[in-house]
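Q:
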Amino acid sequence: MPGGASKTGTTGDRVAAVKKTTILDFARLKDEGGKIVVITAYDVIFARIFDEAGVDAILVGDSLGQVVLGLPNTLGVTMDDMVRHTGAVARGRKRALLIADMPFLSFQAGRDDAIRNAGRLLQAGAEAVKLEGGRNVEATIRAIAACDIPVMGHVGLTPQSIHRMGGYRVQGKAEAQRERLLDDAQAVQEAGAFAVVLEGMPSDLAAEISTRLEIPTIGIGAGPRCDGQVLVMQDLLGLFDEFRPKFVKRFAELSRPVSDAVKAYADEVRGGTFPGKEHSF
Ligand code: KIV
């Protein structure tokens with residue numbers, strides 16, 4: 002048809018119909034008091050499903066290490082891993098904001114390194130990067146943001162600091178720690194981040210940070226008074242059975258139906274009933 006038109010409209014119509022979420026929507030949602038919905042994804046299939054389900058943002062988290070690569074923690078995740086999976090997610094999502102994690106050692110060794118690695122994630126399709134730390138990474142956030150690369154901060158329980166923290170422990174319970182986390186969140190905002198993840202901290206501390214900051218806070222294990230929430234997709238869908246943290250709500254139990262489907266397939270192959278005539282040429 003002329004001009005690329007089809008029964009469902011022109012390509013332009015279809016693109017226009019998809020209202021892209023940007024970091025400006027994060028700021029607007031905070032101003033309006035709306036909650037921001039974020040979920041992790043690591044591949045094209047789930048990226049497409051989550052995008053169509055209407056989440057505001059998809060995070061390619063370095064939780065990839067545990068939930069996809071089977072590593073004991075996030076420290077072994079590389080830039081090449083993140084670039085590969087960010088590209089896959091980018092090819093599946095149309096509308097949601099795409100944020101990619103900067104893995105361990107991709108930003109700690111120097112600012113030039115950090116800028117180059119953040120840039121690689123944008124070239125792979127991310128629209129923002131996330132990095133862990135507070136006052137200690139202020140200059141790094143500032144340097145990346147100065148290159149027009151939107152940065153999301155991440156304070157509180159920061160999994161890349163597992164050895165300093167002595168395990169995955171709720172942070173900010175003691176008064177001195179609480180003050181440090183308030184200062185970390187403030188530093189991330191001052192450095193130019195557009196949002197910050199608050200992980201593993203008491204609800205009242207996360208609420209105080211969310212009130213003090215102008216940028217939106219996205220909580221995980223940080224109570225209901227953050228400006229939004231993020232969950233790891235395998236936790237939310239009931240696909241990760243090794244442990245069940247208190248802060249996770251399993252909105253489905255998919256391990257069982259997936260296992261049942263594979264058992265049914267195995268039974269039919271072994272019993273000679275699959276493939277049938279209808280599946281054969
Ligand atoms: O790596 C990740 O998935 C994350 C979220 C849990 C915030 O950083």
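In case it helps, this note's numbering puts the sequence shown at residues 2 to 282. C-beta atoms are modelled at their ideal positions from N, C-alpha and C, and glycine is treated no differently.
(1) Which class does P3 belong to by DSSP, given the choice of helix, strand or coil?
(2) Identify whether D184 lies in helix, strand or coil by the three-state DSSP scheme.
(3) Using a threshold of 7 angstroms, is the CB atom of E243 nearer than that to any non-hydrogen atom of the ligand GTP?
(4) Hey, which unbroken runs of the beta strand (DSSP E) at 3 residues or more fall wholly within the stretch 218-272?
(5) Have a look at T159, R136, R96 and V69 and flag the residue whose alpha-carbon is nearest the alpha-carbon of M103.
(6) When every heavy atom of the ligand KIV is checked, does at least one fall within less than 7 angstroms of the C-beta of G157?
(7) Output the distance between the C-alpha atoms of G220 and T274, rounded to the nearest integer angstrom.
(8) Sort K247, D242, G120 and K21 by Cα distance to R257 and report the nearest one.
(9) From this set, F47, L240, P217 and M202, which residue's C-alpha is nearest G224's C-alpha?
(10) Using the rule of at least 16 other Cβ atoms within 10 Å of the residue's Cβ for burial, across every protein chain shown, is P151 buried or exposed?
(11) Report all residues from its chain with a CB closer than 6 angstroms to the CB of M2; omit the five preceding and five following residues, and keep chain order.
(12) With H, G and I counted as helix, E and B as strand and the rest as coil, what does DSSP make of A48?
(13) Could you pull out every unbroken beta strand (DSSP E) segment of at least 3 residues lying fully inside the stretch 18-83, listed in chain order?
(14) Can you give the Cα-Cα distance for A207 and R226, rounded to whole angstroms?
(15) Is the beta carbon of A48 less than 8 angstroms from the beta carbon of G120?
(16) Go ahead and pull the three-state DSSP assignment for V198.
(17) Could you check whether A188 and M153 sit closer than 8 angstroms to each other, using their CB atoms as the reference points?
(18) Thinking C-alpha only, which one of F51, K31 and L25 is nearest T218?
(19) Curious, which full-length beta strand (DSSP E) runs of at least 3 residues does the stretch 90-122 contain?
(20) Heavy atom of the ligand KIV less than 7 angstroms from the Cβ of V249, yes or no?
(21) Looking only at its own chain, which residues have a Cβ that is under 6 angstroms from the Cβ of G55, when we skip the five neighbours before and after it?
(22) Would you kindly check if the distance between the Cβ of L25 and the Cβ of T41 is under 8 angstroms?
(23) With distances taken between CB atoms, is the gap from A125 to V68 smaller than 8 angstroms?
A: Result, derived from the coordinates:
(1) Confidence at P3 is low in this model, with a pLDDT of 41, below 50, so the placement of that residue should be treated as unreliable; the coordinate-derived value is given next. In the three-state reduction of the DSSP assignment, P3 falls in the helix class.
(2) In the three-state scheme derived from DSSP, where H, G and I count as helix and E and B as strand, D184 is classed as helix.
(3) For the structure depicted, the ligand GTP is absent and the ligand set comprises only the ligand KIV.
(4) Qualifying beta strand (DSSP E) stretches, in chain order: 218-221 and 229-232.
(5) M103 has its Cα closest to that of T159, out of T159, R136, R96 and V69.
(6) Remark: the C-beta of G157 is outside contact range of the ligand KIV, defined as less than 7 angstroms to any heavy atom.
(7) The C-alpha of G220 lies about 49 angstroms from the C-alpha of T274.
(8) With distances taken between Cα atoms, R257 lies closest to D242.
(9) Closest by C-alpha distance to G224, out of F47, L240, P217 and M202, is M202.
(10) Classification for P151: buried.
(11) Note that M2 has pLDDT 40, beneath the 50 cutoff, so the model's placement of it is unreliable and the number below is only indicative. Excluding sequence neighbours, M2 sits near nothing in its chain.
(12) When secondary structure is reduced to three states using DSSP, A48 falls in the helix class.
(13) Counting only runs of 3 or more, we get 37-41 and 58-61.
(14) If I take the Cα positions, the gap works out to 7 angstroms.
(15) No, the pair does not count as a contact, with Cβ atoms beyond the cut-off.
(16) In this structure, V198 counts as strand in the three-state DSSP scheme.
(17) No, the Cβ-Cβ distance between M153 and A188 is not below 8 angstroms.
(18) That would be K31, whose Cα lies nearest to the Cα of T218.
(19) Fully enclosed beta strand (DSSP E) runs of no fewer than 3 residues occupy 98-102 of the stretch 90-122, in order along the chain.
(20) Short note on V249: C-beta not closer than 7 angstroms to any heavy atom of the ligand KIV.
(21) So no residue of the chain qualifies.
(22) No, the pair does not count as a contact, with Cβ atoms beyond the cut-off.
(23) The Cβ-Cβ distance between A125 and V68 does not fall below 8 angstroms.
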